[in-house]
Amino acid sequence: MANTVRVPVTSVDDPYGDFFHVAYENRWTDGLPVIPPTPERIGRFLATVDRDPDEVIAVMPPRKGPASLRGIAANAVMAGCLPEYFPTVVAAVEAINDPSFPLRLLVGMRPETPFFLINGPVRQEINLNCGIGCLGPGWRANSTIGRAIRLVMINMGGLSPGGYARSCFSSPLQYTFCAGEDEENSAWEPFHVERGFSNVQSVISVFRATSYIALLAPLDWAQSAQALLEHTALSMVSIGNTALYAGNTSCLVLFNPERTRLLADAGISKSQAKAMLYEYSLLPTSHFRKTDLPIMEEKGRVVGGKVSLVDSPDEIQIGVMGGTGIHAVYLPGFSLEILPHIPVSKVIESGSTQ
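For the sequence shown, the tail end lands on 355 under my numbering, and the numbers increase by one without skipping.
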């Protein structure tokens with residue numbers, strides 16, 4: 002996508018339709034309608050960050066396209082963001098371009114995508130959904146922030162189907178995958194505080210997710226915290242789980258606040274929950290096909306006659322969000338030894354130039 006493109010309006014009654022047609026023909030879109038990024042709209046977005054509009058903050062793989070703030074703002078406009086979302090979008094682009102995040106591996110055959118978890122005061126400022134339906138449709142901030150990052154990946158990185166994007170099936174999660182943590186109702190410390198940030202800082206963290214797996218709680222979950230964690234851990238392990246065939250990976254489990262309160266009331270901290278999930282997820286090698294074990298051994302997944310999902314409890318990340326109920330969500334990760342999967346967190350900075 003060029004820095005400046007003039008799109009002729011052939012219909013006074015449907016200028017948005019004209020732009021969408023041009024954007025679709027040029028593969029500037031994810032297939033859904035986009036808003037024309039006029040200079041005036043882009044200017045309102047750039048006014049929310051105190052930085053040079055032409056500053057290149059990232060080089061987007063695989064095409065190695067330079068991502069300037071002006072170009073990122075254009076994609077955020079197209080995605081339907083409000084100007085006040087832009088500092089979060091900027092931090093997200095910086096996060097996926099951190100050397101610790103293997104963005105260039107997203108061109109493979111797997112249907113993986115970045116998942117963005119947002120913490121801090123910015124959640125209220127932009128009306129981000131952290132509760133019921135937080136991973137689904139209906140909330141502008143959740144929907145358009147994640148979509149803006151995908152458009153940046155398409156237009157600046159070249160990740161469009163038939164181009165550099167070569168996923169066998171792809172995933173509906175690649176349209177947008179962004180939510181906030183429900184810090185106020187969780188019994189545990191927020192994710193960003195666990196990583197060393199303060200409560201008053203607004204932070205966005207990015208994870209590499211290969212899929213979305215809904216986990217149902219056991220029937221006796223309300224009476225037994227141990228049963229809840231054991232059931233969750235066993236649900237995380239399956240023969241086809243890509244994490245079992247990778248090294249240096251991590252995963253993310255999303256609990257609702259109700260589950261954290263149950264565990265906390267039983268005297269279980271977040272770190273203890275991670276340790277229990279790790280122990281309960283260890284399965285004997287007899288559970289797996291013999292032909293699968295050599296590669297698992299090569300990747301370090303077989304220890305003491307058991308298969309481990311991750312290298313240590315610290316690689317099981319826990320986020321808290323969602324509504325009341327018996328469900329949880331598991332987001333498997335994937336990585337390679339040369340590019341370990343480590344969640345990356347960036348502070349969301351904002352400041353007006355006007």
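The C-beta atom is built at its ideal place from N, Cα and C for all residues, glycine as well.
Nothing here was measured: the structure is a model prediction, and the numbers come from that model.
- Between the stretch 310-329 and the stretch 206-216 there are three or more inter-stretch CB-CB distances shorter than 8 Å, so the stretches are counted as touching.
- At the C-beta level, residue 278 and residue 116 stay beyond 8 Å of one another.
- Check the Cα spacing between residue 250 and each of 86, 78, 316: the tightest is with 316.
- The DSSP-derived three-state label of residue 89 is helix.
- Assignment of residue 301 by DSSP, reduced to helix, strand and coil, places it in the coil class.
- The stretch 58-78 makes no contact with the stretch 297-310: fewer than 3 CB pairs, one atom from each, lie closer than 8 Å.
- If you draw a straight line from the Cα of residue 142 to the Cα of residue 86, it comes to about 7 Å.
- DSSP places residue 147 in the helix class (H, G or I) of the three-state scheme.
- The residue from 151, 298, 264, 97 with its alpha-carbon nearest to that of residue 343 is 97.
- DSSP links residue 59 through a beta bridge to 68.
- By the Cβ test, the stretch 133-153 is in contact with the stretch 170-183, since at least three Cβ pairs between them sit closer than 8 Å.
- The continuous stretches of alpha helix (DSSP H) do not include residue 138, and DSSP gives it neither H nor E.
- For residue 347 against residue 95, the beta-carbon gap comes to about 5 Å, under 8 Å, which counts as contact.
- If you check the CB distance, residue 326 and residue 257 come in under 8 Å.
- In the DSSP annotation of this structure, the continuous segment of the beta strand (DSSP E) that includes residue 209 starts and ends at 204-210.
- Residue burial annotation: residue 203 is buried, with at least 16 other C-beta atoms found within 10 angstroms of its C-beta.
- By alpha-carbon distance to residue 124, the top candidate from 324, 200, 289 is 200.
- C-alpha of residue 138 to C-alpha of residue 148: approximately 12 Å in a straight line.
- Under the three-state reduction of DSSP output, residue 181 falls in the strand class.
- Here the alpha carbons of residue 160 and residue 28 stand approximately 10 Å from one another.
- Here residue 199 carries a coil assignment [DSSP, helix/strand/coil].
- For residue 39 and residue 126, the gap between their C-alpha atoms comes out near 25 Å.
- Put simply, of 61, 35, 334 the residue whose alpha carbon is nearest the alpha carbon of residue 213 is 334.
- The continuous alpha helix (DSSP H) containing residue 21 extends over residues 16-26.
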